[in-house]
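In UniProt numbering, the protein residues as written are 1 to 414.
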């Protein structure tokens, strides 16, 4: 399982960061795309992720920097052609009618956005897509006529505070949870199925036992072990083997409070992708800026700071925290200055619940070789502060970065 950060900027792109998009490759041939900023088609090609692997698209919210690239990308993936019926018919033959329907998930408005854009641009698609619109209690149902090649679209109403198992296949399931932003925004929780891995020693044992015999005997034995059954050999019985807990990945849309996910995750989780739009960096801020004012400004706009991300990662007991959606003032370039600032972001996320004006200034003073004395009135909080830090792996992402998410190694005891 691999996460690729295709676009790590906020709404305003820079020469080193493009708008939001992230790809979770379940396998090399199965990819889930989360959001689709204006340059996503290009960054997908540059990352080496094949269009043919994209089976599902999940939209967190409908701000333009998260969806504006989606119609164009879908046109590429689905064999789109602009208005010429002959081109459309040729594309239909080339793509073939047996191709899997592409599933698209998103909040109220995703149907209207795609249908309207396709109609106004005279788009013709060779293959089919299906829209799953996630509705709150008060949201109306869109009864507009489906677009040509749109098949089986549906409306999913929230229940008990979430949309459970909106996507289920033979490897993982996806649940959506509402989070707080300036517009309706979603978190997606991807939970991998628990699985059985057969140790190499057992694999070799089976090869030795069935050497020279029908290869299907080995395949049957392996299938039985993976299904949780035991198999009997001449000199021993193997299994049933323990199951390994599946990985759990949480992808957040823009948010200033995503605590709603805590009821729906199973700590420890494998990875949390969290925005960190702005940060209090004493050496880089205006003189009037403070830790509190920077956080308040971010929250007022529906966004987060690195310490807020670290605090949620701590509560989720996440193995990895990936920071993204940076303000355009923070470069993603590979140069010492930009890298240093991103290291500060990671350190602020580590502070998590212990972050304050004092702890941040102390951090920067230490980094710059200065002496910083903590005020007496805050010394009594030092033990509490240390207990509230986040000690997982923190990565401030850049465009084109990828991380292979390790298996949990947590065995489920019978």
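Backbone N, C-alpha and C fix where the C-beta goes; we use that ideal spot for every residue, glycine too.
Note that the structure is predicted; figures quoted are calculated from it, not measured.
Contiguous alpha helix (DSSP H) elements confined to the region 110 to 198 occur at 110 to 120, taking only those with 4 or more residues.
Between residue 61 and residue 162, the C-beta gap is not smaller than 8 angstroms, which leaves the two residues out of contact. Inter-segment contact for the region 394 to 412 and the region 251 to 261 is absent: fewer than three beta-carbon pairs are separated by less than 8 angstroms. Between the beta-carbon of residue 359 and that of residue 351 there is about 6 angstroms, and that keeps the pair under the 8 angstroms contact cut. With a cut-off of 8 angstroms on Cβ pairs, the region 109 to 124 is in contact with the region 139 to 155, counting three or more such pairs. Per the C-alpha coordinates, the member of 80, 14 and 389 positioned closest to residue 38 is 14.
Using a Cβ distance threshold of 8 angstroms, residue 282 and residue 364 count as a contacting pair. Rounded to the nearest whole angstrom, the C-alpha separation of residue 160 and residue 399 is 36 angstroms. Comparing alpha-carbon positions, the option among 101, 157, 126 and 63 lying closest to residue 113 turns out to be 63. Note on residue 122: under 16 other CB atoms within 10 angstroms of its CB, so exposed under the neighbour-count rule.
In the pairwise beta carbon analysis, the region 2 to 11 is classified as not touching the region 312 to 319: fewer than three pairs are separated by under 8 angstroms. Within its own chain, the residues whose Cβ lies closer than 7 angstroms to the Cβ of residue 20, once the five positions on either side in sequence are excluded, are 7, 35, 37, 65, 66 and 325, listed in chain order. DSSP assignment within the region 274 to 352 yields the following whole beta strand (DSSP E) runs of 3 residues or more, N-terminal first: 320 to 324.
Boundaries of the beta strand (DSSP E) harbouring residue 22: 21 to 27, taken from the DSSP string. Bounds of any beta strand (DSSP E) do not take in residue 227, whose DSSP letter is neither H nor E.
Considering only 210, 199 and 271, the residue with the shortest C-alpha distance to residue 225 is 199.
If you ignore the 5 residues before and after residue 290, its C-beta comes within less than 8 angstroms of the C-beta of 280 and 357, all in its own chain and listed in chain order. According to DSSP, residue pairing for residue 239 in a beta bridge does not occur. Here residue 80 is buried, its C-beta having at least 16 other C-beta atoms within 10 Å.
Shown here, residue 5 sits in a strand according to DSSP, grouped into three states.
Note that the C-beta distance between residue 78 and residue 126 is below 8 angstroms.
Across the set 9, 75 and 54, the C-alpha of 54 shows the shortest separation from the C-alpha of residue 23.
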